[in-house]
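So that you can map any letter, position 399 of the sequence shown is 445 in our numbering, and since no number is skipped, the others follow by simple counting.
Step one of this worksheet: look at the structure below.
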Amino acid sequence: MAEKGTRAIEYFSTNLKAPKVSFEEALLRGLAPDKGLYMPDRLPAIGEKLRARFPGMGYYEIAAHVLSAFLGDAIPFADLTSMCRDAYTFDVPVEPAGDNLFILRLDQGPTASFKDFAARLMARMMNYFMAKEKRHMVILTATSGDTGSAVANAFFGLEHIDVVVLYPLGEVSEVQRRQMTTLHGNVHVAGIDGKFDHCQALVKQAFTDPELDRIPLSSANSINIGRLLPQTVYYYYAGSRVCSRPDSPVIFSVPSGNFGNLMGGVLARETGLPVHRFIVATNANKEVPEYLRTGVYQIISPSLMCISSAMNVGHPSNMARLVALYGGIMDEKGNILRQPDLEKMRNDFHGVSITDEETMETMAGVWKEKGIVLEPHGAVAWKGAVEYLRENGTHSRNIPIVVVETAHPGKFPDEVKKATGTLPILPESLKTIFGKEEQFERVENDYRAFKKYLMNMFF
């Protein structure tokens, strides 16, 4: 558990074999030299007095206050506020759904995914440091669905940054693919003959390849601390909208794949948000719910294909961060070198795995009973909340449960039509991509082939 205090926060590697660094260095490095993930070496306190003001603030204002607690003097508060105002120009609905359930819709950004929240601010922070130092950078990222489009859109057109996005061929929706492949310019897209886990492994290997040191690489996956920290904000925001008092408890049901979303919530709780429990809702890739149940962490390889495609992850990168936060050590291969406090984890998290059949039944049932359209990831979270209430009785009914909806239903028209009998309305941001030319390169699932692709582009 990171210590709490008032000194400047530094960032340590979860592998504990690299020196601590500043926020700027952690942001621009992405992955630590020892292949670990950066975490704050202490957790700031966001006190009740400040949280009591959050109901009267807009999203970008809450973001500036929360993030300044982690960043300190790395970015002046006025500059950070300006970045947040520029990044968050869209609505963040928290909709009542009956029975003390609420839906946090994180699908109103330019790519209709929750990943807009992290990617847009991270891009602005990186651009801030690049402009300040007159440097150029190449962002290397892997996607199982929404990350690629959010990152590509966030960095598109930035003068000091190129973006390379890897995605598994045939495993993302047409909308998700087109959001990446129609941007061009400083956005380069590689379709990999493999799974998301293979894409992620290629990215990690490139970061540790000394022959690529001449390319100033950084990451924009949830392995980057600059992606993770902004995800704490919407938990604080949602809590301020559904709780009557700053000390009132709240439960979040989080659809979980690579676990950056959940880690954002955990950091919010550890810095002051009174979260009663997190419902960790996965699809059939249930290595984490099984770990919570048995104490044995077993990677699922290859990851299983499910309709909640952004959650098709057999070994979440952020699991190392979660283990570290609870006093354990997990290496980059998923080996637990020191067990975390499992008893506390089981108290804080309720793990549940939802099948595709249950996901479709939930989408159909919620539409029929409440007139609410859910996409597959939100349906997994909704079903997780239902299962939690079933197992934990009526005492939890007095605590608001926020179901986190991570993508717009319009990104999954086939699944929504099959479940509800009606096509979802496509947001304006998605309508324009169908008339644009796609550009991407097919690359073998082989590190040598991927390395050649990078070297041809940037050497």
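From the three backbone atoms N, C-alpha and C, an ideal C-beta is built for every residue, glycine too.
Close Cβ partners of residue i (< 6 Å) along its chain, the five nearest in sequence each way excluded
i, result
"G424", "E451"
"P552", "The question about residue 552 has no answer, for the chain in this structure spans 47 to 505."
"E487", "A236"
"G272", "L73, M168 and M171"
"A427", "S299, P301, A327, V449 and V450"
"R97", "P292"
"A109", "C130 and V279"
"L200", "In the sequence on display, residue 200 carries Ala and not Leu. Once the five neighbours on either side are set aside, the close Cβ partners of A200 are A165, R166 and A169."
Counterpart residues of residue i in DSSP-defined beta bridges
i, result
"G237", "Y213 and R488"
"V449", "I149 and S299"
"L186", "V210 and S265"
"A327", "P301 and V398"
"M171", "Bridge partners of M171: none, in fact."
"I375", "R384"
"E141", "I149"
As assigned by DSSP and simplified to three states, the class of residue i
i, result
"M351", "coil"
"K497", "helix"
"L313", "helix"
"F58", "strand"
"L368", "helix"
"S159", "strand"
"P320", "coil"
"G397", "strand"
"T340", "helix"
"D208", "strand"
"V249", "helix"
"R53", "coil"
"F123", "helix"
"R287", "helix"
"R508", "Any answer about residue 508 is impossible in this case: the structure gives the chain only from 47 up to 505."
"V218", "coil"
"I271", "helix"
"M47", "Unreliable placement is indicated for M47, whose pLDDT of 40 sits below 50; no coordinate value is reported for it."
"G191", "coil"
"G430", "helix"
"N502", "helix"
"K332", "coil"
"N358", "coil"
Sequence-distant residues of the same chain with beta carbon closer than 7 Å to residue i, five excluded per side
i, result
"Y280", "V138, L150, L152 and F163"
"I269", "G76, L77, L83 and S363"
"P348", "K241, D243 and G360"
"K416", "A143 and G144"
Contact check, residue i vs residue j, beta carbons under 8 Å
i, j, result
"R237", "L215", "One point to set straight first is that residue 237 is Gly, not Arg, in the sequence displayed. It is a contact, given that the beta carbons lie within the stated cut-off."
"N364", "G306", "yes"
"L248", "Y84", "no"
"L275", "L113", "yes"
"V197", "V209", "yes"
"N331", "G360", "yes"
"L326", "L350", "The identity of residue 326 in the sequence shown is Val, whereas the question assumes Leu. No."
"S355", "G118", "no"
"L500", "A165", "no"
"N173", "I207", "yes"
Nonlocal neighbours in the same chain, by C-beta distance under 8 Å from residue i, ignoring five residues either side
i, result
"R224", "I479, F480, K482 and E484"
"K50", "The predicted model places K50 with a pLDDT of 48, which falls under 50 and marks its position as unreliable, so this point remains unresolved."
Task: Segments of 4+ residues assigned as alpha helix (DSSP H) that fall wholly inside the segment 65 to 114 - done: Runs of the alpha helix (DSSP H) inside the segment 65 to 114: 69 to 75 and 94 to 97.
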